[in-house]
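Chains A and B, in that order, give the protein sequences.
Under the numbering used here, the first sequence has 80 at position 78, and the numbering climbs by one with no breaks.
Under the numbering used here, the second sequence has 192 at position 142, and the numbering climbs by one with no breaks.
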Amino acid sequence: MSVIVYAESHDGTFNKKAFEVVTYARKTADLLDTDCIALCHGADSPEQLGIYGAQKVVTLESDALEQFDAKTYTAAIAKAVEQLGGDTVILQHSANGKSIIGGLAAKLNCGSVSAVNQLPTNDSGFEVVKPVFSGKAFAKYSISSDQRVLSLMGNSIPPEEMGSEDVDVESLSLDLDAPKTKVVKVDKVKGEIPLPEAEIVVSAGRGMKGPDNWDIIEELADELGATTACSRPVADSGWRPHHEHVGQTGIAISPSLYLAIGISGAIQHLAGVNNSDTIVVINKDPEAPFFKAADYGVVADLFDVVPRLTEAIKRFKAS
Amino acid sequence: MNILVCVSKTPETTAKITFTSDNSEFNTNGVNFIMNPYDEWYALVRAIELKEQFGGEVTIVNVGPSENDSVIRKGLAIGADKAVRINAEPKSALETAHHIANFAKEGSFDAVFLGKETIDYNGSEVSAMVAELLDLPFVSFASKLEMEEESKAIITRDIEGGTEVIEVAPPFCISSAKGLAEQKIPNMRGIMMAKRKPLDVVEPDEVSAPLEVKEFSLPPEKGEVTLIDPEDMDELVRLLHEEAKVI
Ligand SMILES: Cc1cc2nc3c(=O)[nH]c(=O)nc-3n(C[C@H](O)[C@H](O)[C@H](O)COP(=O)(O)OP(=O)(O)OC[C@H]3O[C@@H](n4cnc5c(N)ncnc54)[C@H](O)[C@@H]3O)c2cc1C
Ligand SMILES: Nc1ncnc2c1ncn2[C@@H]1O[C@H](COP(=O)(O)O)[C@@H](O)[C@H]1O
């Protein structure tokens, strides 16, 4: 039985998260002593998945997959798993992956663990760890069913070049029911990397005093190639758009670098960002709780120090 | 419009997370529990608004032990018409979903509303499972839902870096995200009325658990923060580059 991974492409291209999940699947397959088959749909270069470890790539073909419909994608993956013979299915923990994992587990009637962030072990049954309580703890799950579905949290393992583009690519035509939902419009924020995918996030809170002061945050973010985020009260008072709100009740992110500026570090805020690799906190109050969760801290007035940090980054890039 | 709202109980957001001595269970000692915010603030409130628009009934369902009744009563105080508690303590999302689906099959609901995730196990799994088991169209992360007529819903779905607008006809199932409604605080009248609204307890069908939690652990303590001289931002940049290797 193979490990089957579904790699998402958007407008024909895979992003880093797709390569991460393929690497994770290949390592899981190595652990289980089996092969790794990658599924995709609508990708311009499906063979790229071979580079990151897929030993075979299967493109799913059906008119019903032209738009995203959770149940149609679930049915498509379930059919592919059945035809290709898979016992372990791995998805990305993305908006679409999260919409599929539960339905797929119900269809296959098997155990599922979402948002895993470490490789599984198979010494005493199939076990895998995920963060719970919004990152405040970890739980190790033991799955007893014959099949299992996992979704991988972004930025948990780096993509590794474990193979080559010289991989078998097959297409699989699927007979699927037409979707019962209809996507009538898609609105994407232009230019910026979406928050859940950003490597670097510059985030600001109530310490900014008001919506008109965000220039210094945007300049810093531009210089770093970062995406901007904010605390909940900032989004709630309309200083910043809602899609920037991170935390327990907003978006949970795990970038490699999170810069928190004028944010106190309330437990609900930390819950959404504590899986970041490196945290930098800028706050004028040395007692701000965020410093306890930070790797680097600057105790200073943000209005002085943020422009200086931007200048320092410019100098670094020039050198 | 008859809507089923699935509500779960979670520890308060500031709860201290500890485990029993062998790390096999969450230590509930001294922990306050609340209704999962996505279920309360968004799913339930929007369901009540739709009922006010079209008539019909809002039923809430919870899978859990009798300690959950206070959370369920809060849902009735906010404005649900009746409640059902399925008397089971599931170990997995799939068991929870089977219990909900078994109950929902008996009723005739035009929509099933769930939250986008529970803030304790952060699963984001139950909603899609319920949709699959009931064979209903499913729209996840609904941050807006408008119905001009009872036969069609227009739903905004949050995706990475944007939104999608989706049309679907009842019966359907959604998972609710921020924006779907505004939090509603129950008033005195609601609290009084809730006492007289029905809260039925049903015994569950047998369903098997495909997985269990073996062990909990706490994240390793963060080391001390390295403080940087505010006058020397070049030093911060150097550390981010050379030590943290993130830029
Ligand atoms: C159920 C629930 C869910 C919640 N979910 C979330 C969530 O998802 N995300 C979230 O963010 N919050 C959430 N909150 C709110 C959270 O508890 C905090 O209230 C919020 O995070 C505080 O935002 P803040 O840090 O921007 O503001 P504050 O707490 O007001 O902090 C502002 C900080 O800026 C600093 N500051 C001020 N001026 C300057 C200056 N000139 N230079 C440098 N520093 C300065 C101050 O020292 C202070 O530390 C939730 C709350 C509840 C009850
Ligand atoms: N025990 C439960 N009883 C009723 N509904 C639940 C229960 N657990 C989860 N749900 C619903 O499923 C949603 C998603 O939960 P989860 O998949 O655990 O993140 C929640 O927001 C609730 O609407």
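Here a beta-carbon is modelled for each residue, glycine too, at the ideal position from N, C-alpha and C.
Q | Nearest-angstrom Cα separation, counted from aspartate 185 of chain B out to methionine 283 of chain B | A | 57 Å
Q) Among A:Ile39, A:Val23, A:Gln270, A:Pro181, which has the Cα closest to the Cα of valine 218 of chain B? A) A:Pro181
Q | Uninterrupted beta strand (DSSP E) stretches inside the region 164 to 190 of chain A (no shorter than 3 residues) | A | 170 to 175, 183 to 190
Q) Going by other Cβ atoms of all chains shown within 10 Å of its Cβ, with 16 needed for buried, is alanine 259 of chain B buried or exposed? A) exposed
(Q) Quick test of your reading: alanine 127 of chain B and alanine 244 of chain B, contact by CB under 8 Å. State the CB separation rounded to the nearest angstrom. (A) 4 Å
Q) Could you give the distance in angstroms between the alpha-carbon of serine 321 of chain A and the alpha-carbon of glutamate 221 of chain A? A) 19 Å
Q. If you measure beta-carbon to beta-carbon, which residues of the region 194 to 213 of chain A are closer than 9 Å to chain B?
A. Glu194, Ile195, Pro196, Leu197, Pro198, Glu199, Glu201, Ile202
Q: Decide yes or no for the touch test of the region 97 to 107 of chain A against the region 181 to 200 of chain B: beta carbon pairs closer than 8 Å, at least 3 of them.
A: yes
Q) What do you get for serine 166 of chain A, buried or exposed, if any count of 16 or more other CB atoms within 10 angstroms of its CB means buried? A) exposed
Q: For aspartate 284 of chain B, return the contacting residues in chain A, with the cut-off set at a CB-CB distance below 8 Å.
A: Ala314, Arg317, Phe318
Q. Checking contacts by CB at 7 Å: is serine 120 of chain B closer than that to chain A?
A. no
Q. Is there at least one Cβ from chain B nearer than 7 Å to serine 126 of chain A's Cβ?
A. no
**Q.** tyrosine 298 of chain A at chain B interface by Cβ criterion, 7 Å
**A.** yes
Q) Can you pull every residue whose C-beta falls closer than 5 Å to some heavy atom of ligand 1, listed in chain order? A) A:Gly207, A:Arg208, A:Gly209, A:Ser233, A:Arg234, A:Pro235, A:Gly249, A:Gln250, A:Thr251, A:Gly252, A:Gly264, A:Ile265, A:Ser266, A:Ala268, A:Gln270, A:His271, A:Asn285, A:Lys286, A:Asp287, A:Ala290, A:Asp303, A:Leu304, B:Thr63
Q | Contained beta strand (DSSP E) runs [length at least 3] in the region 167 to 249 of chain B, N- to C-terminal order | A | 188 to 199, 202 to 209, 212 to 218, 222 to 226
(Q) Does the distance between the C-beta of valine 176 of chain B and the nearest non-hydrogen atom of ligand 2 fall short of 6 Å? (A) yes
Q. Name the DSSP beta bridge partners of lysine 58 of chain A, please?
A. A:Ile39, A:Asp170
**Q.** Beta-carbon gap between isoleucine 6 of chain A and valine 59 of chain A smaller than 7 Å
**A.** no
Q. How about tyrosine 143 of chain A: is its C-beta nearer than 7 Å to some C-beta of chain B?
A. yes
Q) Among the residues of its own chain, which have a CB less than 6 Å from the CB of proline 187 of chain B, if the five just before and after it don't count? A) Val218, Phe222
(Q) Just to confirm my understanding: we take aspartate 131 of chain B, look at its own chain, exclude 5 residues before and 5 after, and list those with CB closer than 6 Å. What are they? (A) Glu107, Val108
Q) How far does the alpha helix (DSSP H) with serine 120 of chain B in it reach, from first residue to last? A) 119 to 128
Q. So is proline 260 of chain B in contact with chain A if we call contact Cβ pairs under 7 Å?
A. yes
Q) Rounded to a whole number of angstroms, what is the C-alpha to C-alpha distance between alanine 80 of chain A and lysine 109 of chain A? A) 7 Å
Q. What residues from chain B crowd round isoleucine 79 of chain A, counting only those whose CB sits closer than 9 Å?
A. Residues of chain B passing the Cβ test: none, with the nearest at roughly 12 Å.
Q. Does ligand 2 have a heavy atom nearer than 6 Å to the CB of tyrosine 171 of chain B?
A. yes
Q) Can the beta-carbon of leucine 154 of chain A be found less than 7 Å from the beta-carbon of valine 23 of chain A? A) yes
Q) Taking Cβ positions, are tyrosine 260 of chain A and isoleucine 281 of chain A nearer each other than 7 Å? A) yes
Q. Which residue from A:Pro160, A:Val131, A:Asp287, A:Asp224 puts its Cα closest to that of leucine 268 of chain B?
A. A:Val131
**Q.** Whole-angstrom distance between glutamate 49 of chain A and cysteine 232 of chain A, CA atom to CA atom
**A.** 38 Å
**Q.** Nearest-angstrom beta carbon gap, glutamine 94 of chain A and alanine 20 of chain A [assumed within contact, 8 Å]
**A.** 7 Å
Q) Closest to valine 118 of chain A by CA distance: which of A:Pro133, A:Ala314, A:Pro257 is it? A) A:Pro133
Q. Given that a residue counts as buried once 16 or more other Cβ atoms are within 10 Å of its Cβ, and exposed if not, what is valine 263 of chain B?
A. buried
Q) Got a sec: does ligand 2 put a non-hydrogen atom nearer than 6 Å to the Cβ of lysine 92 of chain B? A) A small correction: the amino acid at residue 92 of chain B is tyrosine; lysine does not occupy that position in the sequence shown. No.
Q: Rank A:Asn124, A:Arg150, A:Phe293, A:Thr312 by C-alpha distance to the C-alpha of lysine 272 of chain B and give the top, closest one.
A: A:Phe293
Q) Do you know offhand how far histidine 148 of chain B's Cα is from valine 257 of chain B's? A) 7 Å
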